[in-house]
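*Asks:*
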Amino acid sequence: MLVATWNVNSLKIRKERVLAWLADRRPDVVCLQELKGVDEAFPFEEIRQAGYHAAVFGQRTYNGVAILAREEPAEVERGFGDGVDDQQARLIAATVAGVRVLSAYMPNGGEVDSEKYEYKKEWLGRLKTYLERRDLLSQPMLLCGDFNIAPEKQDASRPEEWEGTVLFNDEMRAKFQEFLQMGLVDTFRMHQPEGNFNSWWDYRQLAFPKNNGLRIDHILASPSMARCCIASRIDREARKGKLPSDHAPVFAEFSAS
DNA sequence: ATGGTTGCTTAGCAA
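To get the working numbering, take the position in the first sequence, counting from 1, and add 423.
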């Protein structure tokens with residue numbers, strides 16, 4: 424089973440690119456983030472013609488997440504369901520081929536110590552509670568998405584330039600570690616433990632040509648899924664060319680399920 | 001050199 428996660432930064436603008444990418448890479452499951460559109464605007468028909476079912480949690484202007492799959496996603500859940508009044512569509516979960524798949528768009532955080540940064544920390548705490556309450560670590564589960572956290576120093580090409588930002592600081596690295604301490608495994612680092620790799624490059628200041636980026640998009644696996652993870656990679660090619668997203672897709676491949 | 005990008009929505013915000 425080939426699984427991908429991709430922050431597309433507007434599905435409306437990126438639709439043709441996404442369809443071409445699906446036809447070429449042929450993943451079994453795709454977690455999308457930053458759709459930036461309501462459910463009614465989602466291109467269900469074109470996605471179906473490409474051979475995928477879709478579970479969608481859209482929102483006007485901002486956020487919006489989805490799960491595409493060869494088979495119909497079951498038991499779809501939108502949001503945390505924790506009673507918190509939250510208008511932001513940042514989490515969708517569904518069962519595909521016996522695997523609980525989560526597509527998550529973590530808050531960026533704006534500036535350190537801002538209201539948005541507080542929301543980011545709260546949101547990560549709510550996600551941790553969500554994983555615990557649903558006992559998701561004890562079953563085949565993949566937490567996929569734009570974490571807006573580069574978990575290690577080597578996950579920034581220019582660590583000195585990024586240190587202290589909302590994407591790359593001690594507090595966020597510690598938050599990410601909490602997920603690993605629960606038993607989740609960073610599937611990319613399973614197969615590529617050393618070296619700098621990026622999944623996101625700012626649109627500004629020629630960041631991509633200069634390879635000034637961060638690895639902030641991740642596929643974390645529960646222990647039973649980590650055991651059958653046979654490969655991982657970042658699809659850097661998909662960041663090139665005309666009208667790219669600022670994120671590259673990330674893949675993980677599994678031998679079972 | 002106090003800049004630079006993109007997308008949504010309508011000049012300002014978010015990333």
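From the three backbone atoms N, C-alpha and C, an ideal C-beta is built for every residue, glycine too.
So, does the region 587-598 touch the region 660-678, judging by three or more C-beta pairs under 8 angstroms?
*Replies:* Because the criterion of three Cβ pairs below 8 angstroms is not met, the region 587-598 and the region 660-678 do not touch.
*Asks:* What's the C-alpha gap between residue 530 and residue 447?
*Replies:* Numbered from 1 along the first sequence, position 107 holds the residue referred to as residue 530. Numbered from 1 along the first sequence, position 24 holds the residue referred to as residue 447. Answer to the nearest angstrom: the Cα atoms are 30 angstroms apart.
*Asks:* Give the secondary structure of residue 504 by DSSP, where H, G and I count as helix, E and B as strand, and everything else as coil.
*Replies:* Residue numbering aside, residue 504 sits at position 81 when the first sequence is read from its first letter. It is coil, neither helix nor strand.
*Asks:* Ends of the beta strand (DSSP E) at residue 656?
*Replies:* The residue given as residue 656 occupies position 233 in the first sequence. Its beta strand (DSSP E) spans residues 652-657.
*Asks:* Using a Cβ-Cβ cutoff of less than 7 angstroms, which residues in the same chain neighbour residue 653 once the five nearest sequence positions on both sides are dropped?
*Replies:* Walking along the first sequence from the start, residue 653 turns up at place 230. Around residue 653: 676, 677 and 678.
*Asks:* Give me the Cα-Cα distance between residue 643 and residue 609, rounded to the nearest whole angstrom.
*Replies:* The residue you call residue 643 lines up with position 220 of the first sequence. The residue you call residue 609 lines up with position 186 of the first sequence. So the alpha carbons of these two residues sit roughly 5 angstroms apart.
*Asks:* Which same chain residues, not among the five before or five after residue 445, have their C-beta less than 6 angstroms away from its C-beta?
*Replies:* On the first sequence, residue 445 is found 22 positions in, with the first residue counted as 1. Closer than 6 angstroms at Cβ, skipping near neighbours: 473.
*Asks:* Touch check for the region 513-530 and the region 489-502: three-plus C-beta pairs under 8 angstroms?
*Replies:* In short, these stretches touch, since the Cβ pair count reaches three.
*Asks:* Please give me, in chain order, every unbroken run of the beta strand (DSSP E) with length at least 3 that falls completely inside the region 432-513.
*Replies:* Runs of the beta strand (DSSP E) inside the region 432-513: 452-456, 476-480, 488-492 and 497-501.
*Asks:* Excluding five sequence neighbours on each side, which residues of the same chain lie with their C-beta closer than 7 angstroms to the C-beta of residue 590?
*Replies:* Position 167 of the first sequence, counted from the first residue, corresponds to residue 590. So the list reads 571, 572, 573, 637 and 639, once near-sequence residues are dropped.
*Asks:* Give the straight-line distance between the Cα atoms of residue 470 and residue 461, rounded to the nearest whole angstrom.
*Replies:* Here the question's residue 470 lines up with position 47 in the first sequence. Here the question's residue 461 lines up with position 38 in the first sequence. For residue 470 and residue 461, the distance between alpha carbons rounds to 16 angstroms.
*Asks:* Once the 5 residues before and after residue 435 are set aside, which same chain residues still bring their CB inside 6 angstroms of it?
*Replies:* Here residue 435 corresponds to residue number 12 of the first sequence, with the count starting at 1. These residues qualify, in order along the chain: 460.
*Asks:* Which residues bound the beta strand (DSSP E) around residue 588?
*Replies:* Here residue 588 corresponds to residue number 165 of the first sequence, with the count starting at 1. From DSSP, residue 588 is part of no beta strand (DSSP E); its letter is neither H nor E.
*Asks:* The beta strand (DSSP E) with residue 525 in it runs from where to where?
*Replies:* Position 102 of the first sequence, counting from 1, holds the residue named residue 525. Segment 522-528, the beta strand (DSSP E) holding residue 525.
*Asks:* Drop a sphere of 10 angstroms on the beta-carbon of residue 428, count the other beta-carbons inside from all chains shown, and report buried for 16 or more, exposed for fewer.
*Replies:* Numbered from its first residue, the first sequence carries residue 428 at position 5. Residue 428 comes out buried.
*Asks:* Grab me the residues of residue 553's own chain with a C-beta within less than 6 angstroms of its C-beta, minus the 5 sequence neighbours each way, in chain order.
*Replies:* Taking the first sequence and counting its residues from 1, one reaches residue 553 at position 130. Answer for residue 553: 503, listed in chain order.
*Asks:* Report back the beta-carbon spacing between residue 432 and residue 463 to the nearest angstrom; my notes put them in contact at under 8 angstroms.
*Replies:* Along the first sequence, one-based indexing puts residue 432 at 9. Along the first sequence, one-based indexing puts residue 463 at 40. Contact doesn't hold; Cβ gap of about 20 angstroms is too wide.
*Asks:* Counting beta carbon pairs with one atom in the region 645-661 and one in the region 558-567, are three or more of them shorter than 8 angstroms?
*Replies:* At 8 angstroms Cβ cutoff, the stretches touch.
*Asks:* Apart from the five residues just before and just after residue 658, which ones in its own chain have a Cβ nearer than 6 angstroms to its Cβ?
*Replies:* Here residue 658 refers to the residue found at position 235 when the first sequence is read from its first residue. These residues qualify, in order along the chain: 671 and 672.
*Asks:* Just to check my reading of the structure: residue 526 and residue 455 have Cβ atoms closer than 8 angstroms, yes? What is that Cβ distance to the nearest angstrom?
*Replies:* Here residue 526 is taken as the residue at index 103 of the first sequence, counted from 1. Here residue 455 is taken as the residue at index 32 of the first sequence, counted from 1. Contact holds; Cβ gap of about 7 angstroms.
*Asks:* DSSP state of residue 611, grouped into three classes?
*Replies:* Within the first sequence, the letter at position 188 stands for residue 611. Reduced to three states, the DSSP call for residue 611 is helix.
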